[in-house]
Structure formats: structure tokens, C-alpha cells
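Beneath this line is the structure, given in C-alpha cells, with notes to follow.
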Amino acid sequence: MSTGLRDERGIDKVVPGAEHAVADIAPGSSLAVGGFGLVGIPWTLISALLDQGADDLTVVSNNCGVDGAGLGLLLEARRISRVIASYVGENKEFGRQYLAGELTVELTPQGTLAERLRAGGAGIGAFFTPTGVGTMVSEGGLPWRYHPDGTVALASEPKEVRTFHGVDMVLEESIVTDVALVRAARVDRAGNCVFHASARNFNIPAAMAGRLTIVEAEEVVEIGAIDPDDVHLPGVFVQRIVELTPAQAHEKDIEKLTTRPRPRPAEEASA
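Residue numbers (full-length UniProt numbering): 1 to 271.
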């Protein structure tokens, strides 16, 4: 599959649609997926991958969506066999599969996970960090997979610890994945991306870590329309762009809605 077309204006990485963009993702692939909970997640690409049918996937993401939304859909369809994440979060099915021995889960400190992805995209093989020293993160024994009876089937190995500037630090390997799926607010046809507010979270390091990075864009603009100082992710990291429809661009569910009663008109007048 072509990852981009050329016309008189230069390179154009926009592909016909999400189904086209994910069509060649193979079973057993590793995926870095942007977003945090339901913020900034690539809704449309996840849905297209669900329809495409690839399974035995390794997913690297801050978490695994929620029940019935985001990556939770792939999880419920049993398309994911391994997750590298920061926390189980609000996804009950994620927790159930992990504790039942149906899913391998490598829990990683959140900042460490972001840096492992960023380092992979920067060509750095590993790095030392003080986070996790003196815990099971460095000493090993974190349960990655359980037997159905609740005993540990697979646990993490001890990691190298060295001292730098008087501080003990643990060695963490970087992450490079086969594919990255991310969502951006604005993207030009060369792949230069702008993310809105907290949607910058894991989208940038996830995009950097993918050998093939696919971006779903709420708005696609011509090359040169984004000021270079406003670019959050350079187009060199992006191979395919999916332009969302207005309906797809507005798909942004709230993970946990909290409201308070509105005051009555009389109460407003007396306030």
C-alpha cells in the first residue's frame, strides 16, 4: 500500500479513509496508541481496526480505554493479547481479563512509559531513570500474567540499577512499535501536526514510536498553513493521514460526567 502521493504541491500523505489506512495491519502487530482515558484517542482508526479484524495485538498505551469505548472495544473483541500501560483505570473488562489470566499486562510508571515511547522514536535504545528504584519495577516480580487459579504465570525480571550523580537509577528499554495510531486537531498534507490542549498527552510520543504512523485529523490544511512554531509533531514521523468527517471530528465522549444542578431563576435573581 502506498503511504503517500505526490502532486504538483509536493508530498501528500492523505489516504482515502480509515479503512484504507489500517487495511495492512497484520495479526500479531504491535501498536502505540495515543490518548489518555478517552481524551485525544483515535476513535475512528480504532473502529476501523476493529472492523478490519487483526488480532493477537500488542498495545502500548497509557491505558486501555473504558468499557465499551476506545481500545476497550478491541479488548472486548479479544483482539488484544498484551498491553503495556500505566494503569488499568476505569475498564472493568481490562482488569477482569488480566486477573483471569487471559491477558498479559506490563504495568509501567506513566512518565517512564511516555519516555520509553519518545526514546524509541528518537533512536535511543534505553535510558536510566530514578523512577521505580527500590520497588518491583526495578527488583522484578511484577505479575505480567496470571494463571486462571490466580497464581503468577509470568513476572517481570530484575533490571539493571546504576548510580549517577549520587542517585540510583534503573535501566528502561525504549519502545518501538510496528504501527502508531494517533489523533490530531490540525494536520497539513505533509503530516505536520497540531494537538489541542491535553490531547497532546501520549499522542506525540506514540506517534514517534511507530514505524508506520497513522494520524486521524479533525482538520486537514494545505502545506504552509501551519506556522512552524505551532507544530507539535513534525511530519517526518507521519506516513498516513485520515481526514475525518465533521461527525467523526466531533466524536469526543466524556469518560466520567460530573454535573451540578442549575439554580432556579428565582435563586439566580437573589444571588
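Glycine is no exception: its CB is placed at the ideal position from the N, C-alpha and C atoms.
Top-ranked residue by Cα proximity to residue i, from the options
{"i": "I254", "options": "V59, L103, G35 and P158", "result": "G35"}
{"i": "E93", "options": "V176, L45, L74 and F164", "result": "L74"}
{"i": "V66", "options": "V60, T58 and E76", "result": "E76"}
{"i": "A21", "options": "H250, L181 and G68", "result": "L181"}
{"i": "E160", "options": "A69, P143, E139 and R211", "result": "E139"}
{"i": "V114", "options": "G70, P16 and N63", "result": "The sequence given here places Ala at residue 114; Val does not occur at that position. For A114, the nearest C-alpha among the options comes from N63."}
7 Å Cβ cutoff met for residue i and residue j
{"i": "G166", "j": "A155", "result": "no"}
{"i": "A18", "j": "A48", "result": "yes"}
{"i": "V238", "j": "T213", "result": "yes"}
{"i": "S61", "j": "V88", "result": "no"}
{"i": "L108", "j": "M169", "result": "Going by the sequence as given, residue 108 is Thr instead of Leu. Going by C-beta atoms, T108 is not nearer than 7 Å to M169."}
{"i": "P205", "j": "R118", "result": "yes"}
{"i": "L179", "j": "I241", "result": "The sequence shown places Val at residue 179, not Leu. Their beta carbons are not under 7 Å apart, which means V179 does not touch I241 by this criterion."}
{"i": "R79", "j": "S174", "result": "no"}
{"i": "E218", "j": "A197", "result": "no"}
{"i": "R189", "j": "E216", "result": "no"}
{"i": "G191", "j": "G235", "result": "yes"}
{"i": "E102", "j": "W144", "result": "no"}
Buried/exposed call for residue i, threshold 16 Cβ in 10 Å
{"i": "P42", "result": "buried"}
{"i": "G123", "result": "exposed"}
{"i": "T177", "result": "buried"}
{"i": "E243", "result": "buried"}
{"i": "R264", "result": "exposed"}
{"i": "E172", "result": "buried"}
{"i": "residue 286", "result": "Since the first residue of the chain shown is 1 and the last is 271, residue 286 is not available in this structure."}
{"i": "K256", "result": "exposed"}
{"i": "K252", "result": "exposed"}
Residue interval of the beta strand (DSSP E) (run including residue i)
{"i": "L154", "result": "V152 to A155"}
{"i": "S30", "result": "S30 to V33"}
Run of the alpha helix (DSSP H) containing residue i, from where it starts to where it stops
{"i": "V15", "result": "Element bounds for V15: n/a, residue is neither H nor E."}
{"i": "E139", "result": "M136 to E139"}
In chain order, each alpha helix (DSSP H) run of at least 4 residues that lies wholly inside the segment 41 to 69: 43 to 52
Within the segment 180 to 268, ranges of the beta strand (DSSP E) (whole runs, at least 3 residues): 210 to 221 and 240 to 243
Alpha helix (DSSP H) runs wholly inside the segment 69 to 126, at least 4 long, in chain order: 71 to 76, 92 to 99 and 110 to 121
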